[in-house]
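What follows is one structure encoded as structure tokens, with my remarks underneath.
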Amino acid sequence: MKIIYLALLVSNLFAANADSLFVQGNYYFDDEKYIQAARTYERMLISVEHADLYYNLGNAYYRMGEVGHAVWAYEKGLQFEPRNRDLKHNLDFTNTRVKDRIDIPEGFVFLDWYRAFKNSQTVNDLLIWGSVFLLLVGLVYALGQFRFLGRQSTSRLQTAFVIFTILAHGICLDKYWDVTGIEEGVILSSTVNVYSVPAVRDEMIVFKIHEGLKAEITQVQDNWIEIILLDGKKGWIPINTIRPLT
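Residue numbers (our numbering): 5 to 250.
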């Protein structure tokens with residue numbers, strides 16, 4: 005797995021010492037000091053969030069054999085650049101080492117396409133799409149007023165772009181709800197018992213999960229977190245066994 009040597013130079017976005025820490029982390033990685041590299045990248049996360057930083061952090065954790073932390077880092081990076089091929093490739097590759105395989109019911113082709121498209125966009129991306137389509141509505145109207153377009157062509161194009169504008173903003177709202185309303189996390193411990201209640205009791209173990217699995221976090225109670233998996237299974241796990249993707 006390669007690392008990225010991008011210099012983080014934009015002062016209003018990154019802390020003053022971000023560049024030196026990034027270079028230091030890359031130096032540790034090249035020297036196969038992966039623990040020090042990961043610690044250095046983690047220090048940067050206090051003041052810096054960038055897809056390339058999460059990419060390098062994930063690579064360091066993967067080389068350490070920390071599958072859960074690696075999955076977490078790649079997932080975080082994809083929140084900033086959901087179409088980043090390097091992040092996606094490394095996440096898919098790392099997920100092959102996750103023991104849990106959850107089978108989910110097949111959905112409609114259209115819904116699968118919709119989810120794939122939504123997951124490939126950020127909220128800002130969708131806002132830009134909506135703004136572009138809205139601008140095109142105004143442009144077509146102006147062209148129609150000055151007789152550069154026929155009445156029928158103007159009407160059809162305006163209708164199409166209005167529909168696209170509504171769709172773009174509708175998907176944007178759906179994406180925003182996903183980002184702000186759904187909290188997920190990645191399992192860090194090699195094996196985790198999932199309990200039916202927030203307490204350690206052998207008779208209350210309902211199933212086991214493993215490092216690298218992503219789960220939705222539904223509620224937090226003291227030192228316990230309730231999770232739900234893609235297949236609908238739910239239960240309680242200790243709070244220190246999962247790292248939230250927030």
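Think of the CB as a built atom: it goes at the ideal place given N, C-alpha and C, for glycine as much as any other residue.
- Under the 10 Å beta carbon count, His54 is surrounded by 16 or more other beta carbons and is classified as buried.
- Leu49 and Arg105 have their C-alpha atoms roughly 30 Å apart.
- Per DSSP, the beta bridge partners of Trp228 are Gln225, Pro242.
- Here Phe114 is not near Phe137, since their CB atoms are 7 Å or more apart.
- Taking the Cβ atoms as the reference, Ala164 lies roughly 14 Å from Trp133, outside the contact range of under 8 Å.
- Here Trp76 is buried, its C-beta having at least 16 other C-beta atoms within 10 Å.
- Contact between Arg101 and Gly189 is absent: CB atoms are separated by about 18 Å, not below the 8 Å threshold.
- Between the beta-carbon of Lys238 and that of Ile246 there is about 14 Å, and that puts the pair past the 8 Å contact cut.
- Between the beta-carbon of Leu61 and that of Glu46 there is about 7 Å, and that keeps the pair under the 8 Å contact cut.
- When the alpha-carbon of Asn94 is set against those of Tyr66, Trp240, Glu70, the nearest one is in Tyr66.
- One thing to note: Val127 has its Cβ within 7 Å of the Cβ of Tyr180.
- Assignment of alpha helix (DSSP H) within the region 57-145, counting only whole runs of 4 or more residues, yields 71-84, 89-99, 113-123 in chain order.
- Straight-line spacing of the CA atoms in Leu147 and Tyr118 works out to 33 Å.
- Under DSSP, the beta-bridge partners assigned to Gly189 are Ala219, Pro248.
- Counting every other CB atom within 10 Å of its CB across the protein chains shown gives Tyr31 a total below 16, marking it as exposed.
- Residue environment for Val144: buried (at least 16 other C-beta atoms within 10 angstroms of its C-beta).
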